[in-house]
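Student:
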Amino acid sequence: MFQQEIDEKAKTLKLWVRRKRGNRKLVCSGCGRKLLEPHDVTEREVRDLPCFEYRTTVVIELYRVRCPDCGLKIEKVEQLPSKAPFSKRFEEAVGEACESASARRVAKQFGMAESTVRAIDLRYLERWNAERKKPPLRHLGVDEIFLGKTTKFVTVVSNLESGEPLWFGRERKKETLDEFFRTQLSARQRRRIEAACVDMWEPFKSSIQEWSPNCAIVYDKFHIMQHANKAVDEVRRAEFFRKGGRMRDVVKGKRWLLLTRWVHLTADKRQQLNQLFALNRKVMKAYLLKESLERLWTYTYEGAMLRYLKSWTLQLRWQRLPAFEKLAHMLVDHLEGILNYCRVKVRFGVVEAINGNIKTLLRRGRGYKNLCYLLLKAQRMAVTKTEFVAFRKAA
Ligand SMILES: [Zn+2]
């Protein structure tokens with residue numbers, strides 16, 4: 083340090099730093115080539131970690147090199163990872179703060195624009211992602227998530243063993259998943275996939291069969307129960323809303339009660355559901371059918387699982403519940419994939435947890451225009467286990 087400037091009023095500190103050259107080699111920031119001689123000297127001003135209560139900037143002397151490949155370039159310096167006017171440790175402090183707080187709050191804390199905070203956070207995550215070792219992909223998860231009116235549906239591909247999302251794709255067509263296989267995996271990596279947990283959705287199935295033919299398709303509990311919940315909701319609407327008036331008031335606000343498992347309801351909420359059931363037998367039957375379908379995954383032997391599914395389907399006779407008849411047909415049509423649960427041991431609940439994490443991020447971040455940023459955020463979250471809320475609930 084050879085010069086300093088303190089502004090007591092504005093609480094700013096500016097330091098001039100000269101680095102010792104010694105006989106170290108200079109590195110071209112364009113290509114990484116090592117060079118012996120500097121071309122000239124220049125200066126860069128970057129924001130660094132605060133000194134006491136002073137907002138601190140550092141002016142660093144830097145060499146420029148004349149690289150045979152890149153021409154006149156600034157030397158590469160470890161502490162200055164990008165062209166942005168921030169030191170590496172400052173960016174790290176901002177990135178770390180962003181792990182547990184919203185960009186808006188971090189912006190306030192550091193006295194910067196929110197967009198700047200997001201840009202720093204993105205670089206912080208990109209550096210982390212470039213350096214880390216990525217686990218092999220043996221169990222694949224595919225899910226779709228609704229990102230709001232503009233982006234609509236996004237397909238989320240994840241690694242079920244490591245519990246992290248791997249890729250986001252627009253829409254949920256066969257082409258979407260095709261793009262993942264084509265651009266993200268080598269032929270060898272595709273062959274190594276043993277199982278895939280997906281929803282009963284033809285486009286995904288045909289994409290997997292095309293790109294990874296030896297991979298077992300498993301229709302997981304999470305997705306099947308989503309369909310069961312939809313069926314319950316259909317019955318609720320058919321039974322109460324068409325009747326209008328008084329009945330409609332009784333059922334108002336009860337939707338989520340019907341979609342919640344009995345074990346997760348308090349005595350008070352159970353009472354409310356019982357009142358609803360007293361009014362309508364069909365809604366009660368639908369709820370019980372959904373609850374009993376959940377037991378399907380307590381079986382680990384194919385024969386037992388199949389027997390249970392058959393007896394479940396038989397209960398639908400004479401019930402006049404078209405939504406559940408449709409569901410039963412769907413289950414029978416996808417039988418192999420359901421029974422695969424007994425043949426391939428995949429971690430269930432992971433897709434659900436990742437889904438929950440992304441939703442938390444979206445709520446906190448008020449929309450991510452940059453899907454790469456959202457993906458990195460969700461990956462970091464999964465790896466550091468910052469917010470595996472759904473996981474804890476499932477356990
Ligand atoms: Zn170069």
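Numbering of the sequence shown is given in the numbering used here, commencing with residue 83 and proceeding in unit increments. The beta-carbon is built from N, C-alpha and C at its ideal position, and this holds for glycine as well. Only a predicted model underlies this, so the values are computations on that prediction, with no experimental measurement involved.
Specify the secondary structure class of GLN397 as computed by DSSP and reduced to three states.
Tutor: Numbered from 1 along the sequence shown, position 315 holds the residue referred to as residue 397. DSSP places GLN397 in coil when its eight states are reduced to three.
Student: Alpha carbon to alpha carbon, how far is TRP98 from SER164?
Tutor: On the sequence shown, position 16 is the one that residue 98 refers to. On the sequence shown, position 82 is the one that residue 164 refers to. Distance between the alpha carbons of TRP98 and SER164 is about 19 Å.
Student: May I ask you to check if the CB of LYS478 is nearer than 8 Å to at least one heavy atom of ligand 1?
Tutor: This structure gives no information on residue 478, because the portion of the chain shown stretches from 83 to 477.
Student: Can you tell me the Cα-Cα spacing of CYS180 and ALA195, whole angstroms?
Tutor: For the purposes of this step, residue 180 is taken as residue 98 along the sequence shown, with counting starting at 1. For the purposes of this step, residue 195 is taken as residue 113 along the sequence shown, with counting starting at 1. One C-alpha to the other measures close to 14 Å.
Student: Quick check: the Cα distance between LYS372 and THR198, rounded to an integer number of angstroms?
Tutor: Here residue 372 refers to the residue found at position 290 of the sequence shown. Here residue 198 refers to the residue found at position 116 of the sequence shown. For LYS372 and THR198, the distance between alpha carbons rounds to 48 Å.
Student: With a Cβ-Cβ cutoff of 9 Å, do GLY177 and LEU131 count as a contact?
Tutor: For the purposes of this step, residue 177 is taken as the residue at position 95 of the sequence shown. For the purposes of this step, residue 131 is taken as the residue at position 49 of the sequence shown. Their beta carbons are not under 9 Å apart, which means GLY177 does not touch LEU131 by this criterion.
Student: Can you grab the Cα-Cα spacing for the pair GLU321 / PHE250, in whole Å?
Tutor: As a position in the sequence shown, residue 321 is number 239, starting the count at 1. As a position in the sequence shown, residue 250 is number 168, starting the count at 1. Those two C-alpha atoms are separated by around 38 Å.
Student: So what's ARG187 in DSSP terms, helix, strand or just coil?
Tutor: In the sequence shown, counting from the first residue as 1, residue 187 sits at position 105. It is helical.
Student: Less than 7 Å between C-beta atoms, sequence neighbours within five positions excluded: which residues of the same chain meet that for ILE299?
Tutor: Indexing the sequence shown from 1 puts residue 299 at position 217. Counting only Cβ-Cβ distances below 7 Å, and skipping sequence neighbours, we find ALA278, VAL280, LYS287, ILE290, GLY419 and ASN422.
Student: Is LEU409 closer than 9 Å to ALA310 when the C-beta atoms are compared?
Tutor: On the sequence shown, residue 310 is found 228 positions in, with the first residue counted as 1. On the sequence shown, residue 409 is found 327 positions in, with the first residue counted as 1. Yes.
Student: Who sits around ligand 1, taking every residue whose Cβ is closer than 5 Å to one of its heavy atoms?
Tutor: In chain order, the hits are CYS110, GLY112, CYS113, ARG115, CYS149, ASP151 and CYS152.
Student: Is it true that the CB of TYR455 sits closer than 9 Å to the CB of ARG200?
Tutor: Within the sequence shown, residue 200 is the residue found at index 118, counting from 1. Within the sequence shown, residue 455 is the residue found at index 373, counting from 1. Closer than 9 Å, so yes.
Student: If the criterion is Cβ atoms closer than 9 Å, does the pair GLU119 and VAL147 meet it?
Tutor: The residue given as residue 119 occupies position 37 in the sequence shown. The residue given as residue 147 occupies position 65 in the sequence shown. Result yes, Cβ atoms of GLU119 and VAL147 sit closer than 9 Å.
Student: When you compare the segment 421 to 435 with the segment 139 to 159, are there three or more beta-carbon pairs, one atom per stretch, that lie closer than 8 Å?
Tutor: The segment 421 to 435, when compared against the segment 139 to 159, does not touch it at the 8 Å Cβ threshold.
Student: Exposed or buried, GLY245, counting other C-beta atoms within 10 Å across all chains shown (16 or more means buried)?
Tutor: Sequence index remark: in the sequence shown, residue 245 carries index 163 (1-based). Under this definition GLY245 is a buried residue.
Student: Which runs of the beta strand (DSSP E) fall wholly inside the segment 105 to 182 and span at least 3 residues, in chain order?
Tutor: Listed in chain order, the complete beta strand (DSSP E) runs (minimum 3 residues) inside the segment 105 to 182 are 122 to 129, 137 to 149 and 153 to 156.
Student: Which residues in the same chain have their Cβ closer than 7 Å to the Cβ of GLU173, if we skip the five residues on either side of it in sequence?
Tutor: Taking the sequence shown and counting its residues from 1, the one referred to as residue 173 is at position 91. Same-chain partners within the cutoff: PRO163, ILE202, ARG205 and TYR206.
Student: Looking only at its chain, what residues have a beta carbon closer than 6 Å to the beta carbon of TYR301, apart from the 5 residues adjacent to it on each side?
Tutor: Against the sequence shown, residue 301 aligns to sequence position 219. Result list for TYR301: MET282, HIS416, GLY419 and ILE420, in chain order.
Student: Roughly how many angstroms separate the alpha carbons of VAL428 and LYS303, rounded to a whole number?
Tutor: Indexing the sequence shown from 1 puts residue 428 at position 346. Indexing the sequence shown from 1 puts residue 303 at position 221. Whole-angstrom Cα-Cα distance: 11 Å.
Student: Mark THR342 as exposed unless 16 or more other C-beta atoms lie within 10 angstroms of its C-beta, in which case mark it buried.
Tutor: Locating residue 342 in the sequence shown gives position 260, counting from the first residue. Under this definition THR342 is an exposed residue.
Student: Going by C-alpha to C-alpha distance, which of GLU226, ARG214 and GLU292 sits closest to ARG462?
Tutor: Here residue 462 is taken as the residue at index 380 of the sequence shown, counted from 1. Measuring from the Cα of ARG462, the nearest candidate turns out to be ARG214.
Student: Is TYR450 helix, strand or coil by DSSP?
Tutor: Translated into the one-based positions of the sequence shown, residue 450 becomes position 368. TYR450: coil per DSSP, three-state reduction.
Student: Can you give me the C-alpha to C-alpha distance between LEU388 and TRP379, rounded to a whole angstrom?
Tutor: Against the sequence shown, residue 388 aligns to sequence position 306. Against the sequence shown, residue 379 aligns to sequence position 297. Cα-Cα distance, rounded: 11 Å.
Student: Closest to LEU443 by CA distance: which of GLU125, PHE430, LEU458 and CYS113 is it?
Tutor: Numbered from 1 along the sequence shown, position 361 holds the residue referred to as residue 443. Checking every option, the nearest Cα to that of LEU443 belongs to LEU458.
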